[in-house]
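Under my numbering, the first residue of the sequence shown is numbered 5, with each subsequent residue one higher.
All C-beta atoms in this analysis are idealised placements derived from N, C-alpha and C, irrespective of residue type, glycine included.
Bear in mind that the values here come from a model prediction, so they are computed numbers and not experimental data.
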Amino acid sequence: MCVESVPPPPSRVTRRGVLAGAAALAGTAAALSAAPRAAAAPAPTAHRTGDLVVEGGTLLDPATGHVTEDAVVVIRGGVVRAAGARSRTDVPEGLARLDAHGSWVLPGLVDAHIHLNTATEARDAVRQGATSARSGSTNFYQDIAVRELARQAPEQAPRLRAAGVFVTPDLGDTVLADPDLTPLARLKDGVRSAEALRRVVQVNLVRGADVIKTRVNERAGLPEQDPLTQVYSYEQLSEVVAAARRGGKGVLCHSYSERGCDDAVRAGIRSLEHGVFVGERTLHDMRRRGTYFTPTLTAIASLIDESDPVLAERGRAYLPVLKEAVRTAHELGVPLAAGTDSSGGEIAPIGREVELMRAAGLSALDAIRTATTQAARLLGLERTVGRPARGFAGDLIVVDGDPLSDVSVLKKPHCVVRAGLPL
């Protein structure tokens with residue numbers, strides 16, 4: 005059975021879709037105490053941003069690797085207006101000051117694969133240093149609501165690229181995320197036909213997704229599934245990529261097996277997620293195509309601590325293989341991006357992913373770049389985030405130690421600044 009031949013959903017984010025996402029986003033109303041009732045017409049709101057001077061710290065620009073001691077960063081209206089040595093930087097009078105003496109100052113970090121379902125999770129991500137992020141999908145478009153929350157109250161959520169709902173064979177309860185998805189519930193074989201695949205992508209685009217998330221393999225985090233089992237073919241993945249491209253969007257793909265990774269890359273995905281058993285030939289192809297690798301080392305490492313013996317053994321077996329894949333990818337010039345794959349209410353610090361990148365063989369500076377300049381480029385934010393430079397977002401982290409000597413200091417920022425607002 006194929007999807008009915010009906011007109012595609014309207015090419016705009018409807019009020020119904022926005023309200024459904026907002027209702028699913030538990031805790032948003034509490035976070036925005038002044039939010040209007042759902043039935044009321046939305047009133048214009050000014051985005052809250054800050055004016056701040058961060059002074060006295062040692063400033064690291066990941067793009068150049070340049071270190072500036074006794075530095076000053078001037079933020080006006082949530083944007084960096086000046087950054088450099090105190091002796092060479094004009095500091096306006098009357099701005100709030102943040103004393104960073106004895107600390108290091110870096111741009112806010114980017115988590116390129118995270119699942120944010122609630123306002124609490126969004127706040128936790130920011131407080132742990134992820135001032136920008138890319139969603140790895142949610143069940144009911146909560147990530148689109150989180151993205152809007154970040155625009156209205158940036159201290160409450162990371163700047164987010166939303167993926168909407170997962171393009172996966174079995175949507176489960178996600179068919180309830182939007183009435184335009186419900187016809188797919190009648191499909192005996194699930195979301196597999198070209199028509200069904202295009203339908204899920206189209207609904208995501210209408211609801212305002214920035215990227216499309218799909219999969220080629222089963223999950224590693226469920227003991228009853230085999231992560232090496234392939235669920236979509238090269239042809240099916242190509243349908244997803246083509247539908248996304250028609251909407252001007254890229255695709256991130258959950259992948260594990262060597263064949264699955266290769267099929268996904270050849271199909272034209274923008275980034276390979278997890279990718280434990282990616283082959284060297286595929287890595288060469290990724291380098292040629294500019295395909296990103298987001299290995300989510302944190303998620304694989306966390307399996308080792310699971311109480312289920314299948315998951316624990318899977319983690320022990322997969323982690324060294326993935327570290328070797330990361331090392332090889334880096335040596336070949338494949339662009340890497342840091343992502344924790346946090347979900348289920350537990351937000352891992354993005355600094356942990358940087359630490360694992362370092363353990364995989366990257367230099368400290370290159371590991372930091374996976375969560376700053378390189379991840380920013382993947383998200384299409386390379387002119388906005390990832391550097392503490394004039395014109396970039398006023399997002400910073402302050403850490404108690406030299407990250408070039410010990411990247412683990414990034415796991416516990418002493419202070420986080422989001423759009424000029426110290427948290």
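(request) Within the same chain, show all residues whose beta-carbon is closer than 6 Å to that of Leu113, passing over the 5 residues directly before and after it, in chain order. (result) Correct list, in chain order: Gly133, Ala134, Ile354, Ala375.
(message) Between which two residues does the alpha helix (DSSP H) holding Thr286 run?
(response) 284–293 is the extent of the alpha helix (DSSP H) around Thr286.
(request) State yes or no: is the C-beta of Gly424 within less than 7 Å of the C-beta of Asp55? (result) In contact: Gly424 and Asp55 (Cβ atoms closer than 7 Å).
(message) Spatial neighbours of Glu284 within its chain, please: C-beta separation below 7 Å, excluding the five flanking residues on both sides.
(response) So the list reads Thr332, once near-sequence residues are dropped.
(request) Please classify Thr68: is it buried, with 16 or more other beta-carbons within 10 angstroms of its beta-carbon, or exposed? (result) Under this definition Thr68 is an exposed residue.
(message) Distance check for Leu326 and Lys416, CA to CA, integer angstroms please.
(response) Taking the straight line joining both Cα atoms gives about 25 Å.
(request) Output the distance between the C-alpha atoms of Gln234 and Arg387, rounded to the nearest integer angstrom. (result) Approximately 37 Å between the Cα atoms of the pair.
(request) Report yes or no: do the stretch 251–270 and the stretch 217–226 share at least 3 C-beta pairs separated by less than 8 Å? (result) Output reads yes: the stretch 217–226 touches the stretch 251–270.
(request) Starting from Tyr296, trace the beta strand (DSSP E) both ways and give me its first and last residue. (result) Going by DSSP, Tyr296 is part of the beta strand (DSSP E) stretching over 296–298.
(request) Kindly indicate which three-state DSSP category Ile216 falls into: helix, strand or coil? (result) The answer is strand: DSSP assigns Ile216 an E or B state.
(message) Which runs of the alpha helix (DSSP H) at least 4 residues long sit entirely within the stretch 116–192? Give them in chain order.
(response) Entirely contained in the stretch 116–192, the alpha helix (DSSP H) runs reaching 4 residues are, in chain order, 123–131, 146–156.
(message) Would you call the stretch 335–349 in contact with the stretch 110–129, where contact means no fewer than 3 C-beta pairs closer than 8 Å?
(response) The answer is yes - the stretch 110–129 touches the stretch 335–349, with three or more Cβ pairs under 8 Å.
(request) Inspect the CB distances between the stretch 360–375 and the stretch 136–150 and report whether three or more fall short of 8 Å. (result) Touching, no, given that fewer than three Cβ pairs across the two stretches are closer than 8 Å.
(message) Here's the rule: buried if 16 or more other CB atoms are within 10 angstroms of the residue's CB, otherwise exposed. What is Val280?
(response) By the neighbour-count rule (16 or more Cβ atoms within 10 Å), Val280 is buried.
(message) I'd like the list of long-range same chain contacts for Val7, defined as Cβ closer than 6 Å, with 5 residues on each side in sequence excluded.
(response) Confidence in Val7 is poor, its pLDDT being 37 and thus under 50, which makes the residue's placement unreliable; the coordinate value appears in the next sentence. Only Pro187, Glu199, Ala200, Arg203 meet the Cβ criterion.
(message) Could you give the first and the last residue of the continuous alpha helix (DSSP H) run that contains Glu357?
(response) Bounds of the alpha helix (DSSP H) holding Glu357 are 354–363.
(message) Our contact map puts Ala379 next to Ala352 with C-beta atoms below 8 Å; I'd like the distance itself, whole angstroms only.
(response) At roughly 15 Å, the Cβ-Cβ gap does not stay under 8 Å, so Ala379 and Ala352 are not in contact.
(message) Just to confirm the assignment, what range does the alpha helix (DSSP H) spanning Ile304 have?
(response) Boundaries of the alpha helix (DSSP H) around Ile304: 301–307.
(request) Assign Val205 to buried or exposed, taking buried as 16 or more other Cβ atoms, counted over all protein chains shown, within 10 Å of its Cβ. (result) By the 10 Å Cβ count, Val205 comes out buried.
(message) Would you say the beta carbon of Pro339 is closer than 6 Å to some non-hydrogen atom of the ligand GDP?
(response) Absence of the ligand GDP is noted for the structure shown, with no ligands found whatsoever.
(message) By the three-class DSSP mapping on this structure, what secondary structure does Pro426 have?
(response) It is a strand residue.
(request) Pick helix, strand or coil for Ala67, following the three-state DSSP scheme. (result) Judged by DSSP in its simplified three-state form, Ala67 adopts coil rather than helix or strand.
(message) On a Cα-Cα basis, can you pick out the residue from Ala137, Leu315, Ser275, Ala167 that is closest to Asp338?
(response) It should be pointed out that residue 338 corresponds to Val in this sequence rather than to Asp. The residue with the shortest Cα to Cα distance from Val338 is Ser275.
(message) Given a cut-off of 7 Å on the beta-carbon distance, is the pair Val71 and Ala87 in contact?
(response) Between Val71 and Ala87, the C-beta spacing is not below 7 Å.
(request) Would you check if the distance between the CB atom of Glu277 and the CB atom of Thr295 is smaller than 7 Å? (result) For the pair Glu277 and Thr295, the CB atoms are not nearer than the 7 Å cut-off.
(request) Assign Lys253 to buried or exposed, taking buried as 16 or more other Cβ atoms, counted over all protein chains shown, within 10 Å of its Cβ. (result) That one is buried.
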